[in-house]
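A.B. asks: Residue numbers (this note's numbering): 24 to 733.
#1: Is there contact between the stretch 155-162 and the stretch 187-199, where contact requires at least three CB pairs shorter than 8 Å?
#2: If you compare alpha carbons, which of 205, 202 and 170 is closest to residue 188?
#3: Sort out for me which residues DSSP pairs residue 237 with in a bridge.
#4: Determine, using beta-carbon pairs with one atom in the stretch 83-103 and one in the stretch 119-132, whether at least three such pairs fall under 8 Å.
#5: Report the option in 547, 151 and 85 whose CA atom is closest to the CA atom of residue 129.
#6: Would you mind reading off the limits of the alpha helix (DSSP H) that contains residue 576?
#7: Is the distance from the Cβ of residue 243 to the Cβ of residue 254 below 7 Å?
#8: Please determine, among 643, 280, 555 and 359, the residue with the shortest C-alpha to C-alpha distance to residue 368.
#9: At which residues does the beta strand (DSSP E) containing residue 606 begin and terminate?
#10: Just the Cα atoms here: how many angstroms apart are residue 411 and residue 362?
#11: Would you call the CB atoms of residue 319 and residue 463 closer than 7 Å?
#12: Which stretch, first to last residue, makes up the beta strand (DSSP E) that contains residue 548?
#13: Which same chain residues end up closer than 6 Å to residue 246 when comparing Cβ atoms and leaving out the 5 residues on each side of it in sequence?
#14: Taking residue 302 as the reference, give the member of 282, 268 and 322 with the closest Cα.
#15: Who does residue 104 pair with in a DSSP beta bridge?
#16: Residues bridged to residue 315 by DSSP?
#17: Would residue 674 pass as a contact of residue 645 if the rule is Cβ separation under 7 Å?
#18: According to DSSP, which residues form a beta bridge with residue 247?
#19: Quick one: Cα of residue 567 to Cα of residue 598, how far?
#20: Which class does residue 523 belong to by DSSP, given the choice of helix, strand or coil?
#21: Which whole runs of the alpha helix (DSSP H) in the stretch 610-692 are 4 residues long or more, in chain order?
#22: Take residue 108 and list the residues in its own chain whose beta-carbon comes closer than 7 Å to its own, dropping the five residues that flank it on each side.
#23: Would you mind stating whether residue 309 and residue 658 have Cβ atoms separated by less than 7 Å?
#24: Cβ of residue 476 within 7 Å of Cβ of residue 496?
#25: Let's see if you can read the secondary structure: which residues bound the alpha helix (DSSP H) around residue 414?
#26: From what residue to what residue does the alpha helix (DSSP H) around residue 272 run?
#27: Per the DSSP calculation, residue 87 is bridged to which residue(s)?
#28: Is the separation between the beta-carbon of residue 92 and that of residue 116 shorter than 7 Å?
#29: In terms of alpha-carbon separation, which member of 424, 414 and 468 lies closest to residue 438?
#30: Helix, strand or coil: which one does DSSP assign to residue 493?
#31: Under 8 Å Cβ to Cβ from residue 287, same chain only, skipping five residues before and after it: list those, please.
#32: For residue 582, collect the residues of the same chain with a Cβ closer than 8 Å to its Cβ; drop the 5 residues on either side in sequence, then sort them by chain order.
#33: What are the boundary residues of the alpha helix (DSSP H) that includes residue 504?
#34: Under three-state DSSP, which class holds residue 697?
#35: State buried or exposed for residue 702, treating a residue as buried only when at least 16 other CB atoms are found within 10 Å of its CB.
#36: CA-CA distance, residue 329 and residue 443?
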């Protein structure tokens, strides 16, 4: 047996064991040591808390977010929660998914910025459009508005929108003409394409003594009457040929033709209404166009013609009283002190309107209410003998018939004015025109025609110059005040008193005869189309007993505009379609709303189309008069260099504000306006050669006057 190598007790080396045995011994020894000695502790790792400085780090700032747990962080792009530690965050920042998400976030933010910038830009445009609407609505100066905007910017320095608003005269002109105006034209042109229109035409001379041709359209839209300015033209001359060519060009600009036109109301000037060489004679070549003379203008002419039958000194008397006081402050003070002395209300003498007797009514009322005051003033002036005019006026004051004539005019002109005022409205009254004209004729005739002839259905055909049809002179009605004055005059015993009273009544009879005759001439009492318009009345339309052949003449006049059979079928069905309860609700609506509701029912679209055509017929030229009033407000003495294009744009926008019943604050700013609001709005509009030949060109420089808006 071999000895194991090692040392004996004495420290002497001994032979060792084999290699295999040694390894086994080492293993055994190691296992014994491990069991006897405890294991060493694991190495501890320190956790990193979130550092706020990382939020400022350019590598992390765009995506890193702090969590409630201080040992965690969140990536807002990847929507992941991460363990805090700079190396961990850097590793996440380098991942492919994170890079892809960051790129998407960048694109999204750029889109938001762009959208926000566009939103702010549109708000600035809208603000500038509202400022321009304020200028239009209130006729403000273009030049002064830059100052107003700068003042607002000073008052509101924190407003980003106001801060970026910029206004100069050229920009204001461009926005009004080429943005708002063009938007109104575009919107209305689309509406007019399928409409049948009444067109009003008139020419006038403005403050700069330039001849204008004004063309308006009148139509029904959404149950309301609308007035739109087709064109305002400076014309070279007023011959019928030029007026007609201007009219056709204006229609063409709006993609309209004569087929869209059905009625032209017009005043009574020869160039407009002449039988042969006139604008109307050109238009009437189209058999489906009708003409209505203006009823209000006709009443003025009737009053003027009738007043020519009275002594001329009556009108001169009214004018001379105003002239006496008008430009003399001393005489005005005398008038005021006399009014205080007699204890009557202070009133100035009203200026009479030349050649308009209906306008003279207020002047006559003014003189009659101050008769005692004026009589005493001119009596004293006559004694002083300082004024020949005062002497002449006092002579007329002493004549009792002067007062009687004025009292008669105060009475009868009130009747004519009341009728005239009825048709001074823009409301739909065309269906009332003929019945009211007959009513006026009866009232007028009742003053001098025998009562037994007044019941005749054809009163307009009576012979008013046949003495058998006329009241005796002293039975002619002259008004209660004038009658009392004449009775007082009879008590004055003078040689020729009865002769003058007889002369007074003869003049009054001539007045009535002239007024009656001209009323019959100026108003078409035999016009069957006007008579047929009673079908528009809801009480007639919904009651079969009131149905006659009202539509026959209208359909015959406008043959190509409607399907006759469909219209008649719908007309006969209309009274039976609605229940009694539905009829009661419909009868509570006004006439335009009634036909708008009927037109919404598919079965009655054709009859509603006929009704809308008839509702658009103007009963007078009042819309034109209002348009000229708007133009007069726009083109004043201080703004007399405004060009026709600008006046046209301003007038058109003002009419659109009225049509929509809006103002500069709530008027709708459309997408089309915002699209037109760009650099192209400064470009000048092309004018065709045909327009240059007809229209008066305006080559004045905008900057020629510091007071010129455009």
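No residue lacks a Cβ here, since even glycine has one placed at the ideal position from N, Cα and C.
C.D. replies: Well, looking at it:
#1: yes
#2: Along the chain shown, one-based indexing puts residue 188 at 165. Comparing Cα-Cα distances from residue 188 to each of 205, 202 and 170, the minimum goes to 170.
#3: Here residue 237 refers to the residue found at position 214 of the chain shown. Answer is 225 and 255.
#4: yes
#5: To locate residue 129, count along the chain shown from 1; it is residue 106. Closest by alpha carbon: 85.
#6: The sequence position of residue 576 within the chain shown is 553, counting from 1. Start and end: 573-580.
#7: The residue labelled residue 243 in the question sits at position 220 within the chain shown. The residue labelled residue 254 in the question sits at position 231 within the chain shown. Contact flag unset, no.
#8: On the chain shown, position 345 is the one that residue 368 refers to. When each option's Cα is compared against that of residue 368, the closest is 359.
#9: For this step, residue 606 is matched to residue 583 along the chain shown. No beta strand (DSSP E) holds residue 606; the alpha helix (DSSP H) holding it covers 603-610.
#10: Residue mapping note: residue 411 aligns to position 388 of the chain shown, counting from 1. Residue mapping note: residue 362 aligns to position 339 of the chain shown, counting from 1. Rounded to whole angstroms, residue 411 to residue 362 spans 23 Å at the Cα level.
#11: As a working mapping, residue 319 is identified with position 296 in the chain shown. As a working mapping, residue 463 is identified with position 440 in the chain shown. Cβ distance not < 7 Å, so residue 319 and residue 463 don't count as in contact.
#12: The residue labelled residue 548 in the question sits at position 525 within the chain shown. Premise fails: residue 548 is in no beta strand (DSSP E) and is neither H nor E.
#13: Counted from its first residue, the chain shown places residue 246 at position 223. Cβ within range, chain order: 615, 616 and 619.
#14: Reading the chain shown from its first residue, position 279 is the one you call residue 302. When only C-alpha atoms are compared, the closest one is 268.
#15: Position 81 of the chain shown, counting from 1, holds the residue named residue 104. In the DSSP output, where bridge partners are listed per residue, residue 104 has 97.
#16: For the purposes of this step, residue 315 is taken as the residue at position 292 of the chain shown. Note: residue 315 sits in a beta bridge opposite 288.
#17: Numbered from its first residue, the chain shown carries residue 674 at position 651. Numbered from its first residue, the chain shown carries residue 645 at position 622. No.
#18: Here residue 247 refers to the residue found at position 224 of the chain shown. Note: residue 247 sits in a beta bridge opposite 244.
#19: As a first step, residue 567 must be located in the chain shown, where it is residue number 544. As a first step, residue 598 must be located in the chain shown, where it is residue number 575. Using only the alpha carbons, I get a separation of about 6 Å.
#20: The residue given as residue 523 occupies position 500 in the chain shown. Here residue 523 sits in helix by DSSP.
#21: 614-622, 628-638, 645-657 and 667-682
#22: If you number the chain shown from 1, residue 108 lands on position 85. Counting only Cβ-Cβ distances below 7 Å, and skipping sequence neighbours, we find 71.
#23: Taking the chain shown and counting its residues from 1, the one referred to as residue 309 is at position 286. Taking the chain shown and counting its residues from 1, the one referred to as residue 658 is at position 635. No, these two residues do not count as a Cβ contact at 7 Å.
#24: Translated into the one-based positions of the chain shown, residue 476 becomes position 453. Translated into the one-based positions of the chain shown, residue 496 becomes position 473. Result no, Cβ atoms of residue 476 and residue 496 do not sit closer than 7 Å.
#25: Counted from its first residue, the chain shown places residue 414 at position 391. That run of the alpha helix (DSSP H) goes 411-421.
#26: Within the chain shown, numbered from 1, the residue matching residue 272 stands at position 249. Residues 263-276.
#27: Translated into positions along the chain shown, residue 87 becomes position 64. 98.
#28: Taking the chain shown and counting its residues from 1, the one referred to as residue 92 is at position 69. Taking the chain shown and counting its residues from 1, the one referred to as residue 116 is at position 93. No; because the gap between Cβ atoms is not below 7 Å, this pair is not in contact.
#29: As a first step, residue 438 must be located in the chain shown, where it is residue number 415. Checking every option, the nearest Cα to that of residue 438 belongs to 468.
#30: As a working mapping, residue 493 is identified with position 470 in the chain shown. DSSP places residue 493 in strand when its eight states are reduced to three.
#31: Working through the chain shown from its first residue, we reach residue 287 at position 264. 221, 222, 223, 224, 303, 306, 312, 313, 314 and 315, listed in sequence order.
#32: What you label residue 582 is simply residue 559 of the chain shown in a count that begins at 1. Counting only Cβ-Cβ distances below 8 Å, and skipping sequence neighbours, we find 311.
#33: As a working mapping, residue 504 is identified with position 481 in the chain shown. Looking at the DSSP string, the run of the alpha helix (DSSP H) that includes residue 504 is 503-513.
#34: Taking the first residue of the chain shown as position 1, residue 697 is located at position 674. If DSSP states are grouped into helix, strand and coil, residue 697 belongs with the helices.
#35: In the chain shown, counting from the first residue as 1, residue 702 sits at position 679. Classification for residue 702: exposed.
#36: Start at 1 with the first residue of the chain shown, and residue 329 comes out as number 306. Start at 1 with the first residue of the chain shown, and residue 443 comes out as number 420. Cα to Cα, residue 329 sits roughly 16 Å from residue 443.
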